[in-house]
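4 protein chains.
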Amino acid sequence: MIIVTRPDATEEDIDRIRERVEALGVRTHLSRGAHHCVIGCVGDEEPVAELPLRSMPGVEAVHPVMKPYKLAAREFVAEPTEIPLGDGVVGGSRFTVVAGPCSVEGREMLSATAKAVRDAGAHALRGGAFKPRTSPYSFRGLGMEGLELLAEVRREDGLPVVTEVMDTRQVEVVAEHADLLQIGARNMQNFALLSEVGRVQRPVLLKRGMSATVEDLVLAAEYVMRQGNTHVILCERGIRTFETATRNTMDLGAIPILKRETHLPVLADPSHAGGLRELVAPLGYGAAAAGADGLMVEVHPEPAAALSDGDQSLTFPGFRSFMEGLERFVVAAGRTLRDGVEHAAPPESEKAGAPATTA
Amino acid sequence: MIIVTRPDATEEDIDRIRERVEALGVRTHLSRGAHHCVIGCVGDEEPVAELPLRSMPGVEAVHPVMKPYKLAAREFVAEPTEIPLGDGVVGGSRFTVVAGPCSVEGREMLSATAKAVRDAGAHALRGGAFKPRTSPYSFRGLGMEGLELLAEVRREDGLPVVTEVMDTRQVEVVAEHADLLQIGARNMQNFALLSEVGRVQRPVLLKRGMSATVEDLVLAAEYVMRQGNTHVILCERGIRTFETATRNTMDLGAIPILKRETHLPVLADPSHAGGLRELVAPLGYGAAAAGADGLMVEVHPEPAAALSDGDQSLTFPGFRSFMEGLERFVVAAGRTLRDGVEHAAPPESEKAGAPATTA
Amino acid sequence: MIIVTRPDATEEDIDRIRERVEALGVRTHLSRGAHHCVIGCVGDEEPVAELPLRSMPGVEAVHPVMKPYKLAAREFVAEPTEIPLGDGVVGGSRFTVVAGPCSVEGREMLSATAKAVRDAGAHALRGGAFKPRTSPYSFRGLGMEGLELLAEVRREDGLPVVTEVMDTRQVEVVAEHADLLQIGARNMQNFALLSEVGRVQRPVLLKRGMSATVEDLVLAAEYVMRQGNTHVILCERGIRTFETATRNTMDLGAIPILKRETHLPVLADPSHAGGLRELVAPLGYGAAAAGADGLMVEVHPEPAAALSDGDQSLTFPGFRSFMEGLERFVVAAGRTLRDGVEHAAPPESEKAGAPATTA
Amino acid sequence: MIIVTRPDATEEDIDRIRERVEALGVRTHLSRGAHHCVIGCVGDEEPVAELPLRSMPGVEAVHPVMKPYKLAAREFVAEPTEIPLGDGVVGGSRFTVVAGPCSVEGREMLSATAKAVRDAGAHALRGGAFKPRTSPYSFRGLGMEGLELLAEVRREDGLPVVTEVMDTRQVEVVAEHADLLQIGARNMQNFALLSEVGRVQRPVLLKRGMSATVEDLVLAAEYVMRQGNTHVILCERGIRTFETATRNTMDLGAIPILKRETHLPVLADPSHAGGLRELVAPLGYGAAAAGADGLMVEVHPEPAAALSDGDQSLTFPGFRSFMEGLERFVVAAGRTLRDGVEHAAPPESEKAGAPATTA
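Protein chains in written order, with my numbering: chain A, 6 to 364; chain B, 6 to 364; chain C, 6 to 364; chain D, 6 to 364.
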């Protein structure tokens with residue numbers, strides 16, 4: 006922690022600031038400038054971070070030195086984490102595609118979609134049983150029935166299944182039925198829910214909140230990991246900005262920043278980021294080129310009849326064509342869509358990302 | 006619903022759009038321009054709102070006509086709703102002040118704060134037992150013990166008590182201990198929680214999410230009201246923008262917009278909006294002048310030792326001085342801080358708000 | 006300047022950082038922690054601020070210590086600056102109201118508006134001759150003719166005149182015709198224009214850009230002041246956020262922050278902040294309560310026929326009623342709308358703003 | 006234009022709205038619903054767009070039907086425009102790279118950079134002579150001397166030259182020295198400047214403002230085109246959002262939206278979008294994958310000594326490595342970095358972008 010004093014801070018102010026910090030067992034060091042003093046604090050930063058220093062007389066600014074997260078930090082786990090999903094892993098050289106309908110609407114559509122996305126090369130099936138909807142008058146999912154349909158189709162088809170959990174009371178049952186528990190953007194700071202999924206033995210797909218900074222997202226992952234569940238996958242899905250031409254604004258820069266700051270895999274969701282079918286390819290390909298570890302994409306047998314998010318869902322042929330195009334970008338990024346297929350070169354976006362290499 | 010077609014839409018496109026809408030029992034009306042056609046839909050808008058029209062061939066734009074909310078809409082309940090709290094009400098001509106510590110930290114500090122804020126004119130005591138914190142390493146409240154302390158102090162002191170509920174499993178017990186259930190900004194779209202508090206017999210204080218539009222906030226209220234609990238108080242507490250000089254950006258315009266669109270009382274929280282003690286008065290007075298029905302303010306016996314939000318908490322003398330200043334603005338706004346005290350004139354901000362009056 | 010190193014920074018990295026800074030004649034001081042080192046730089050910060058330190062190997066973060074502005078800073082000019090306008094001043098205990106049409110549309114309407122706003126208590130007349138418009142197909146002002154009409158009405162009516170200047174080539178002629186030169190939000194970082202108005206002997210009204218931080222705004226003022234013209238009035242007029250219910254989002258907190266950071270007067274423009282007639286009173290009264298030194302308000306003889314911004318313009322009776330309501334809030338804020346009228350108490354919002362007083 | 010009335014609108018209100026619109030020679034059509042009426046306006050939308058309809062009694066909402074731009078609209082010019090630059094064009098199947106220092110700092114560094122970027126495959130040299138800087142105390146460019154250095158190096162090296170123009174008075178001289186006139190983000194709505202560059206015979210590179218919507222950007226292009234200069238290249242360079250981990254937030258979705266809405270070429274500037282050297286590759290490759298027509302990238306012989314933007318500038322070897330990686334993504338996108346080199350397949354991102362293809 007570094008504390009900068011105001012030009013009008015008195016000696017007494019400065020003494021009081023140092024005493025307050027030192028009372029927590031932290032040493033301080035004072036450096037005097039012409040107008041401002043800088044008080045450096047050496048020791049455990051956590052207790053100091055809780056002090057209301059900004060409002061103490063004489064304080065102008067307070068800058069943290071340590072990152073506020075640990076378990077998720079690349080600083081502490083240098084190797085990228087690979088998270089098991091079905092027969093493969095998320096992370097590493099594999100580029101993972103999760104695809105399926107926004108909502109589970111019935112047995113037949115789910116089964117058909119599972120087959121279609123698996124045939125086109127997807128690695129996991131998504132489908133919502135419990136749906137968060139902005140309006141209470143919208144379709145909110147089939148609930149338990151949807152969950153059972155997912156489990157059935159997974160038994161049949163073999164694709165691992167991803168579904169959202171919205172309530173602490175459902176965590177256990179959803180974990181019994183699904184391979185990967187999704188925390189939606191609106192619940193990214195539902196701390197009770199984060200703690201609860203931290204206690205089960207299922208990997209978690211954590212979507213970035215609409216107004217969450219990259220740091221907020223990593224701290225949300227830290228909530229889950231702190232309970233013991235370190236299998237967290239992050240997902241950039243667009244943030245809320247002043248621009249209304251797209252549903253959200255995909256924050257492409259968040260992908261390399263998250264890869265640099267954490268050891269967790271990072272997916273992107275071009276369906277929610279853009280909100281329109283025609284934007285899924287440009288945003289999804291862009292995310293692959295920027296170094297994402299995979300994508301989550303909405304696919305529906307008949308988007309025009311979908312009960313939710315039809316505007317942004319790809320058709321089956323649309324998804325096949327999307328995957329064909331995607332492969333070229335995945336290969337250019339030095340990864341592979343299919344296990345067992347070797348990639349030619351190391352990912353340039355990673356190399357270029359390292360200052361030492363480009364300098 | 007109004008659908009605008011693209012200049013290159015074919016007759017077949019237009020027919021297909023109309024069929025899709027009419028299949029839901031809604032009549033359509035076509036108006037042709039030189040480049041675009043406008044398809045007006047007459048009938049129940051709700052099912053049409055769910056259709057993925059934007060991605061249909063030939064569609065350029067879709068504009069809703071009806072507001073997506075009903076129970077909260079001023080359109081349907083013309084009279085402002087007054088919500089009972091303790092001996093008085095929130096709303097109407099009374100300006101309500103809720104004050105107290107961010108977190109309940111112990112018996113003594115809570116009791117002292119209750120006495121101090123009551124003496125200075127506050128109408129209710131706030132205090133967090135379950136605390137949502139961005140970092141899992143921050144103090145997260147005393148939990149059940151905090152809840153019991155609140156109930157004790159309320160029995161003693163008589164001030165009604167406001168506290169946050171964060172988990173569907175806690176709704177019942179919090180409702181037993183508190184007079185007003187707070188839903189925090191981070192849970193504004195925790196739909197499971199909204200539905201749950203909609204089923205109890207306690208008024209709800211719903212804080213606006215950091216990236217929630219005014220419409221999102223009203224729809225969140227609608228979730229609660231639809232379960233039967235129509236006693237919802239809205240609270241503007243600042244939104245997240247690019248500006249970092251303040252913790253959040255208080256959206257002052259949201260107050261008159263919410264008063265126009267809904268019949269629910271609207272409070273403001275200048276402590277969280279600004280994030281600094283010195284901003285509580287300017288933001289709080291501004292909200293009163295803009296037509297808010299009350300304020301929620303953080304007060305602590307010794308902010309410099311507070312376990313959370315110390316930077317933005319007022320001291321006891323600071324709160325007294327704040328209340329003295331506030332009264333002048335409340336009176337200027339045609340309201341009263343104290344029951345039984347008559348105000349001189351109708352609130353100008355409301356009069357001026359009515360187009361008919363200013364035109 | 007404070008430089009924080011990364012956990013993996015080598016001794017060589019640290020040495021190179023220090024050398025780079027010391028080469029500019031600045032002393033450095035190193036403080037070592039368990040994971041990070043802190044390099045404090047003591048001396049002239051300006052040249053160091055230009056160094057690309059963030060991309061040097063081993064650097065994690067760079068924090069400035071000095072404010073990047075001087076002439077505008079309260080740190081260097083402790084007393085609030087009062088700026089002459091007509092017979093009075095902007096700033097101090099006087100609350101200034103500038104009112105008039107968005108655009109000068111003709112002799113008669115301008116003259117009638119001048120009379121109406123003066124009678125209702127306004128201190129200056131606004132009116133655009135050169136109009137910045139988002140679309141090239143919108144009405145863009147009468148240009149030179151508008152400027153001459155303003156000068157004519159000012160001779161007749163005595164009210165000082167405020168008008169926008171948009172082009173470096175017009176600065177001289179606009180300064181000859183007007184009392185106060187307005188720089189619009191879209192030109193807040195038109196640095197050529199800022200420098201040019203810094204060279205004339207007319208006060209400048211500088212409106213905050215839609216995505217300008219408070220610091221950006223003060224730096225824009227610094228551009229003007231650095232050329233010799235220290236008479237700058239700042240104006241909060243709403244920023245661009247995700248909220249679309251209002252035209253912009255008035256950043257109420259910017260008012261007390263600007264009053265704390267600078268010695269310049271701060272006005273607010275509730276017409277542009279809200280974009281609707283009915284929002285002018287709540288936003289304008291709110292700004293007065295938050296400590297603004299005045300308001301700029303759009304008034305038109307017949308808003309429904311206005312060539313620009315009719316939706317947000319007050320009618321003549323609407324403005325009169327607005328001013329009556331305003332006076333109550335101005336008095337509550339310890340200021341006066343009319344010169345020679347004493348105010349009863351010191352402004353509470355200022356008192357409360359001082360940490361020492363509220364603590 | 007479509008006008009929606011309020012539930013409490015009277016027949017008289019509706020009549021008055023229709024009369025107002027019809028007075029402009031536009032026909033109206035009324036469609037009545039249970040709560041709202043919809044008034045469709047058929048005819049020239051431009052004059053109606055200027056009417057302050059939103060504040061008329063009885064009006065709830067106003068929706069435009071026509072796009073507010075024409076000359077830039079894809080609706081009116083179906084074929085993508087290719088803009089000559091040096092020996093080649095910007096747009097079409099060629100992917101254009103503009104590279105060079107932020108500021109022209111001297112003859113030698115400019116000459117060396119020109120050679121380095123040309124050898125690595127860049128198509129044009131960028132370099133600022135007049136620099137917009139947030140602080141008046143920062144280096145603001147060599148001015149005329151910089152301009153002459155650019156012209157010299159261009160004669161020598163043959164690379165076309167791109168430089169910023171900031172003042173209406175400089176347009177002519179900059180046009181004499183440069184091949185492509187850059188309008189910076191801060192001047193995107195400097196309408197006097199836009200009109201002035203619209204009158205010269207040089208293509209214009211128009212950078213998106215930090216808070217400009219896609220529509221604002223296209224309208225700014227329209228300002229230029231309306232004066233006769235139809236050679237406008239658009240540039241996405243990041244917008245301002247709440248996220249501070251990157252300098253700006255690259256709005257990737259803006260690229261396909263601009264390609265759909267206009268016929269103008271679209272570049273991206275990953276240097277300014279990210280603000281850090283390590284982000285240039287992921288953001289630049291992402292933009293190529295999303296369908297951009299080219300990139301603008303900052304390169305400096307010794308970034309650590311650059312007078313501006315050193316943190317985000319690539320070194321010469323860094324730029325070479327960046328270009329090698331880029332080529333793979335450009336090819337994957339169905340384009341070519343080098344003239345005369347055939348690309349294998351049609352750009353998938355465009356194919357996928359067409360609803361008809363993916364559906």
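Beta carbons are placed, not taken as given, at the ideal position from N, Cα and C, and that holds for glycine.
In this text, all values refer to a predicted model and were calculated from it rather than measured experimentally.
Please state if the CB of B/His-41 and the CB of D/Val-70 are separated by a distance shorter than 7 Å.
yes
Just the C-alpha distance for D/Arg-208 and D/Tyr-142, rounded to the nearest angstrom, thanks.
A small fix is needed here, since residue 208 of chain D is Pro in this sequence, not Arg. If you take the alpha carbons of D/Pro-208 and D/Tyr-142, they lie about 31 Å apart.
DSSP has C/Gly-133 in a bridge; who is on the other side?
C/Ser-108
Against chain C, does D/Arg-79 count as a neighbour if the rule is that its beta carbon must be under 7 Å from one of theirs?
no
So, is the C-beta of C/Gln-187 closer than 7 Å to a C-beta in chain D?
no
Name the DSSP bridge partner or partners of A/Gln-206?
For A/Gln-206, no pairing in a beta bridge is given by DSSP.
May I have the straight-line CA-CA distance separating B/Cys-240 from B/Leu-198, to the nearest angstrom?
17 Å
Please state the DSSP three-state secondary structure of B/Thr-168.
strand
With 16 as the cutoff for other CB atoms within 10 Å, does C/Asp-13 come out buried or exposed?
exposed
Restricting to Cα atoms, I'd like to know which of C/Ser-108, C/Leu-312, C/Thr-251, C/Val-336 is closest to C/Thr-169.
Checking the sequence shown, residue 169 of chain C turns out to be Glu, not Thr. Checking every option, the nearest Cα to that of C/Glu-169 belongs to C/Ser-108.
Determine the direct distance from the alpha carbon of D/Lys-72 to that of D/Arg-23, and round the result to whole angstroms.
22 Å
Name, please, each residue of chain C whose Cβ falls closer than 7 Å to the Cβ of A/Val-365.
Given that chain A is displayed from residue 6 to residue 364, the structure contains no residue 365 of chain A and the question cannot be resolved.
In this structure, how does DSSP classify B/Glu-355 when only helix, strand and coil are distinguished?
Unreliable placement is indicated for B/Glu-355, whose pLDDT of 42 sits below 50; no coordinate value is reported for it.
Take A/Asn-253 as the anchor and find which of A/Arg-245, A/Ile-260, A/Ala-259 has the nearest alpha-carbon.
A/Arg-245
Between C/Gly-91 and the rest of its own chain, which residues show a CB-CB distance below 8 Å, the 5 nearest in sequence each way excluded?
His-128, Ala-129, Gly-163, Leu-164, Pro-165, Asp-184
If you check the beta carbons only, do A/Thr-10 and A/Gly-96 fall under 7 Å apart?
no
Taking any Cβ of chain B, which residues in the region 275-306 of chain C have a Cβ under 8 Å from it, in chain order?
Ala-278, Gly-279, Arg-282, Glu-283, Leu-284, Val-285, Ala-286, Pro-287, Leu-288, Tyr-290, Gly-291, Ala-292, Ala-293, Ala-294, Ala-295, Gly-296
Using the C-alpha atoms, what's the distance from C/Val-53 back to D/Pro-306?
20 Å
Using a Cβ cut-off of 7 Å (strictly closer), state whether D/His-182 contacts chain B.
No, D/His-182 does not count as interfacial toward chain B.
With a CB to CB cut of under 7 Å and the five nearest residues on each side skipped, what residues in its chain are close to B/Val-202?
Excluding sequence neighbours, B/Val-202 sits near Val-170, Val-176, Leu-186, Ile-188, Val-209, Val-229, Asn-234.
Give the single residue among B/Val-205, B/Arg-99, B/Met-193 whose Cα lies nearest to the Cα of B/Gly-126.
Nearest of B/Val-205, B/Arg-99, B/Met-193 to B/Gly-126, Cα basis: B/Arg-99.
From the DSSP output, read off the bridge partner residues of A/Arg-99.
A/Gly-96, A/Thr-341
So with Cβ pairs under 7 Å, would you call C/Leu-257 a contact of chain B?
yes
Is it the case that the region 283-301 of chain D contacts the region 283-298 of chain A, given that we only count it when at least three CB pairs across the two stretches are under 8 Å?
yes
For D/Leu-154, which beta-bridge partners are listed by DSSP?
In the DSSP assignment, D/Leu-154 is bridged to no other residue.
What residue ranges within the region 276-315 of chain D form continuous alpha helix (DSSP H) runs of no fewer than 4 residues, ordered along the chain?
282-294
Secondary structure at B/Ile-55, three-state DSSP: helix, strand or coil?
The question names Ile, but residue 55 of chain B is Glu in the sequence shown. Assignment of B/Glu-55 by DSSP, reduced to helix, strand and coil, places it in the coil class.
Just how far apart, CA to CA, sit B/Gly-148 and B/Val-26?
51 Å
By alpha-carbon positions, which one of B/Leu-269, B/Ala-134, B/Gly-315, B/Ala-28 ends up nearest to B/Val-224?
It is Leu, not Val, that sits at residue 224 of chain B in the sequence shown. Closest in alpha carbon position to B/Leu-224, among B/Leu-269, B/Ala-134, B/Gly-315, B/Ala-28, is B/Leu-269.
Would you list, in sequence order, the uninterrupted alpha helix (DSSP H) runs of no fewer than 4 residues that lie entirely inside the region 228-279 of chain D?
259-266, 275-279
From which residue to which residue does the alpha helix (DSSP H) around C/Val-179 run?
176-182
For A/Gln-317, does the count of other Cβ atoms within 10 angstroms reach 16, so buried, or fall short, so exposed?
buried
Tell me the rounded alpha-carbon separation between B/Val-304 and B/Phe-321.
The C-alpha of B/Phe-321 is placed about 7 Å away from the C-alpha of B/Val-304.
Taking D/Pro-287 as the reference, give the member of A/Gly-111, A/Asp-256, A/Ala-310 with the closest Cα.
A/Asp-256
Taking A/Arg-37 as part of the beta strand (DSSP E), name the residues at either end of that continuous run.
32-37
Distance check for D/Pro-89 and B/Val-47, CA to CA, integer angstroms please.
51 Å
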